[in-house]
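Participant: Per the numbering used here, the sequence shown starts with residue 847, numbered consecutively.
For glycine and all other residues, C-beta sits at the position ideal for the given N, C-alpha and C.
Please read these numbers as outputs of a predicted model, since none were measured by experiment.
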Amino acid sequence: MLCIPEIDEHFALHALKELIKVEKDWVPGAPGTSLYIRPTIISTDVFLGVRAAHTYRFFIILSPVGAYYPEGFNPVKIWVTKRHVRAVRGGIGEAKTPGNYAASLYAGEMAHQQGYTQVLWLDGVEQKYVEEVGSMNIFFVIEDELITPVLNGSILPGVTRDSVIALARLWNIPCTERRIAIQEVIDAQKAGKRVEIFGSGTAAVISPVGTIKYHDEVVTIGNNEVGPLTLKFYEALTDIQYGRTEDPLGWVEKVC
Ligand SMILES: Cc1ncc(COP(=O)(O)O)c(C=O)c1O
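#1: Rounded to whole angstroms, what's the CA-CA distance from N983 to L1002? Just pull it up for me.
#2: Can you name the residues that DSSP bridges to A1027?
#3: Which runs of the alpha helix (DSSP H) fall wholly inside the region 872-949 and span at least 4 residues, in chain order?
#4: Let me know the secondary structure DSSP gives S981 once reduced to three states.
#5: Which residues mark the beginning and the end of the alpha helix (DSSP H) in which G1115 is found?
#6: Report the three-state DSSP secondary structure of G1038 (helix, strand or coil).
#7: May I have a chain-ordered list of the beta strand (DSSP E) segments no shorter than 3 residues that lie completely inside the region 988-1023?
#8: Please say whether Y1060 and I1011 have beta carbons closer to each other than 8 Å?
#9: In the DSSP assignment, find the unbroken alpha helix (DSSP H) run with E1081 in it and report its ends.
#10: Could you check if T1076 is buried or exposed, using at least 16 other CB atoms within 10 Å of its CB as the buried criterion?
#11: Using a Cβ-Cβ cutoff of less than 6 Å, which residues in the same chain neighbour T927 once the five nearest sequence positions on both sides are dropped?
#12: What residues in its chain sit with their C-beta under 8 Å from that of I938, if we drop five residues either side in the sequence?
#13: Exposed or buried, what is L968 when buried is set at 16 or more other beta-carbons lying within 10 Å of its beta-carbon?
#14: Please tell me whether G918 and T879 are closer than 8 Å, where the distance is taken between their beta carbons.
#15: With which residues is P851 paired in a DSSP beta bridge?
#16: Along the chain, where does the beta strand (DSSP E) containing E842 start, and where does it finish?
#17: Is L1002 near ligand 1, with its Cβ less than 7 Å from a heavy atom?
#18: Using a Cβ-Cβ distance cut-off of 8 Å, determine whether P874 contacts chain B.
#19: Once you ignore the five residues that flank D891 on each side, which residues in its own chain have a CB closer than 6 Å to its CB?
#20: Classify K1039: buried if its beta carbon has 16 or more other beta carbons within 10 angstroms, exposed otherwise.
#21: Measuring alpha carbon to alpha carbon, tell me which of V987, E972, L992, Y962 ends up nearest V979.
#22: Out of P1074, T1057, G1073, point me to the one whose CA is closest to T1066's CA.
#23: Mark I888 as exposed unless 16 or more other C-beta atoms lie within 10 angstroms of its C-beta, in which case mark it buried.
#24: Less than 8 Å between the C-beta atoms of V1098 and Y1080, yes or no?
#25: Using the C-alpha atoms, what's the distance from T994 back to D1008?
#26: Please return the same chain residues whose Cβ sits closer than 6 Å to the Cβ of I1032, not counting the five positions on each side in sequence.
#27: With DSSP collapsed to three states, give me the class of L968.
In structure tokens:
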């Protein structure tokens, strides 16, 4: 989408494994910590102007990290904005590129000023349907249905989203990828239905959402407690990641 040539996947994985072997002493051991891996590619053209680049540098940043949110695995507060748009279909919303984050900074600051952790983005056309959170995809449990916004071209097809869907299939939990209006979620909560909301992302893993603010309305989700399905996904993913359980889907890659 940004005219960057594709990186050979096998080469990148091999390079990554070699790098981790060299830097293995930086892998933290305390619970809830990990070695964050951020493959990056930038243009190295000596040029000022607007066109696709001709030369690039690919590199991998490693960093030991703790929990992504100060809240840890506790419900976060999310602000739903109708005033700002992050991405639209046909744009670059589904690409992992800083441009998308640049478009999100102003609303992110407004969220922080009101005491909210991140912004929940709505679709850029009708500003009705849920897209994703600042750095997470989003899931809803309404009664017995697990729902996540369908990949429509303007949201990131996150690997953790994919993992949640794969685990749900493994456990025979129906997961629907569809358009979901924010009002549907609020109405379900108000009608006393069982509602859980959680975000999914590499850094956040699974992050429960306990409060959403939409217009001037503040809605508490599931008594601001971690829902049972949210906890099940969190435990399953982290158990696989930390090698505490069998990896049923062949995701674990042994490095050294
Ligand atoms: C905008 C956005 N959506 C979703 C995600 C989750 O993607 P993944 O699960 O691949 O980390 C991220 C992660 O950084 C993100 O920045």
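Facilitator: Let me spell this out:
#1: 7 Å
#2: Y975
#3: 944-948
#4: In the structure shown, S981 sits in coil (DSSP, three-state: anything other than H, G, I, E or B).
#5: Any property of residue 1115 remains undetermined from this structure, which presents the chain solely from 847 to 1102.
#6: coil
#7: 991-995
#8: no
#9: Run containing E1081: 1074-1087, per the alpha helix (DSSP H) assignment.
#10: Buried, because 16 or more other Cβ atoms sit within 10 Å of the Cβ of T1076.
#11: A953, V965
#12: Closer than 8 Å at Cβ, skipping near neighbours: M847, L848, G945, N946.
#13: buried
#14: Contact flag unset, no.
#15: Answer is none; P851 lacks a bridge partner.
#16: As shown, the chain starts at 847 and ends at 1102. That puts residue 842 outside it, with no answer to give.
#17: Indeed, a heavy atom of ligand 1 lies less than 7 Å from the Cβ.
#18: Among the chains of the structure shown, chain B does not appear; only one protein chain is present.
#19: A distance below 6 Å between beta-carbons, with the five flanking residues on each side excluded, links D891 to the following residues of its chain, in chain order: A899, H900, T901.
#20: With fewer than 16 other Cβ atoms inside 10 Å of its own Cβ, K1039 counts as exposed.
#21: That would be Y962, whose Cα lies nearest to the Cα of V979.
#22: T1057
#23: exposed
#24: no
#25: 11 Å
#26: V1065
#27: strand
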